[in-house]
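Here the structure is laid out as structure tokens; the discussion comes afterwards.
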Amino acid sequence: MSVSNPGKILLSLSLAFVFFTGYSNDGAFRSAGNQLIPMYETDISVKKEILTINRIGGRKVAITVYYEFFNPKADKMVEVGFEATSPSGDVNARPVNGHQPFISQFTVNMNDSTVPYKVSIVSDSMYYKNGIYKSKTVAQALKEADNADYVDFFYVYHFKAKFKQGLNIIKHTYTAELSTAVYEDYSYTYILSAAGRWANKQIDDFTLQINMGEYQDLRINNTFFSTLTNWQLPEGTKSIFIKKDKRDKEDKDKTEFYIRKGGLVFQQVNFKPTGELFFVAPGYQWGMGLTQQEIDDNHFSAKRGDPLPFSVEYPDGIHSPADDLSKRILKNLPYARRGYIFKAPELQGYFERQPWYLKDVNYHPDMSALTVKEQEWLKKL
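Convert by adding 12 to the 1-based position in the sequence shown; the result is the number in this note's numbering.
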């Protein structure tokens, strides 16, 4: 067996040095997901990747990344690192037990064996040299976090991985907390473009699976796709293309998915991403375009054409009805989400004006089948 010098090889599971300074006191960046990035290794190819993002417990996601790598040469020991950006914005950036505070249950399994890991807190982009991590102590990081609005350190979860000749399988998992901001329920970023650092400059077979739960409104930036050709949408999902605002240099073209149930799946062979995965669940923005007097009135008005949310995240954010028609519309909102076709033209017409409405000729109203949040909300009307 041939073992290479671990001081000359570094792989990274993450985005290198991307700091989310856009999150100020009105938002909180908590964590981001990341790719494997080879810093020096160039002869190993990534043959397959299955990235799964499932929401759990409201504001958390369980991340599972399955990789198949091909090593064309002799067995080698490789130092592997997972870089985790520090939190920023309206959030506590202090490390917890030396770890990134919003990443937990970190595991690595390689070729059916659990791989132990360590965590280093670093600031220098050249943090690894001659087999040594240039790191801060936990005490130094705590002091910096307690005395600054923004910290410049990040975390490297690192471990030694033995790549045998031929096919190697790495399964990497962790739990991360979603970011939040004004007018957003949650958001998340995952770095994809770093796949070009591998020997084959691509992922030969890539699959992305996103499941954020039932009745979710999800906007995904069109940064790694231009059409829906490679997407598989669950039944009852409606998609709308949103052109970027040219007045906003940071804005991107995006696709909004209204998902009743199930997960989105993106699949592509010879995948060469040039952009990153970013998705956001927009919050219910009642009051946009209203006068101050109308806002102060604080009622949902059907006559005024107030919008209604598809998402079931925060039903209590919907204001009380201004009149009988408004109340009828609110009472039927859960059934409209499921595609019910209303006989009353005033109801059907109203819901057809909602961008998320999608008819389902087979749906029949059943209050007992609504989500718990919806049932509780209806009882309050």
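All C-beta atoms, glycine included, are put in the ideal place defined by N, C-alpha and C.
Beta carbon of residue i nearer than 9 Å to that of residue j
{"i": "Y227", "j": "S380", "result": "no"}
{"i": "D265", "j": "F253", "result": "yes"}
{"i": "T64", "j": "Q304", "result": "no"}
{"i": "W368", "j": "P327", "result": "no"}
{"i": "G295", "j": "Y195", "result": "yes"}
{"i": "P113", "j": "V150", "result": "no"}
{"i": "I215", "j": "V103", "result": "no"}
{"i": "A334", "j": "H311", "result": "yes"}
{"i": "Y169", "j": "F118", "result": "yes"}
{"i": "G248", "j": "R350", "result": "yes"}
Assigned secondary structure, residue i (DSSP; H/G/I helix, E/B strand, else coil)
{"i": "L154", "result": "helix"}
{"i": "M122", "result": "strand"}
{"i": "F363", "result": "helix"}
{"i": "N344", "result": "helix"}
{"i": "W243", "result": "strand"}
{"i": "Q305", "result": "helix"}
{"i": "P294", "result": "strand"}
{"i": "P84", "result": "coil"}
{"i": "A381", "result": "helix"}
{"i": "K72", "result": "strand"}
{"i": "Q228", "result": "strand"}
{"i": "Q387", "result": "helix"}
Inter-residue CB distance, residue i and residue j (contact presumed, cutoff 8 Å)
{"i": "V163", "j": "A105", "result": "5 Å"}
{"i": "I320", "j": "L345", "result": "Note on residue identity: the sequence assigns Leu, not Ile, to residue 320. That belief holds up - the Cβ atoms of L320 and L345 are roughly 6 Å apart, short of 8 Å."}
{"i": "Y79", "j": "I144", "result": "Contact flag wrong, Cβ pair sits at about 27 Å."}
{"i": "L370", "j": "K250", "result": "4 Å"}
{"i": "F291", "j": "L230", "result": "6 Å"}
{"i": "I75", "j": "T185", "result": "6 Å"}
{"i": "N223", "j": "R67", "result": "7 Å"}
{"i": "T267", "j": "I232", "result": "6 Å"}
Close-in-space but distant-in-sequence residues of the same chain around residue i (CB under 6 Å, 5 per side omitted)
{"i": "F175", "result": "N83, K88 and V90"}
{"i": "G287", "result": "T235 and F236"}
{"i": "T54", "result": "A211"}
{"i": "L289", "result": "Y202 and L204"}
{"i": "T383", "result": "V324"}
{"i": "A157", "result": "A105, R106 and V163"}
Own chain residues within Cβ distance below 7 Å of residue i, not counting five before or after
{"i": "P285", "result": "L204, S205, A207 and F236"}
{"i": "G166", "result": "First, the residue type needs correcting, since residue 166 is Phe and not Gly in the sequence shown. Within the same chain, F166 has close Cβ partners E95, A96, T97, S98 and V134."}
{"i": "A423", "result": "Residue 423 is absent from the model: the chain starts at 13 and stops at 393."}
{"i": "P377", "result": "Y347 and Y352"}
{"i": "K255", "result": "D265"}
Residues near residue i in its chain [Cβ-Cβ closer than 8 Å; skip 5 each side]
{"i": "P246", "result": "I271, R272, K273, G274, G275 and L276"}
{"i": "P128", "result": "F171"}
### 3 or more residues per run - each beta strand (DSSP E) lying fully within the stretch 186-210
191-193 and 196-202
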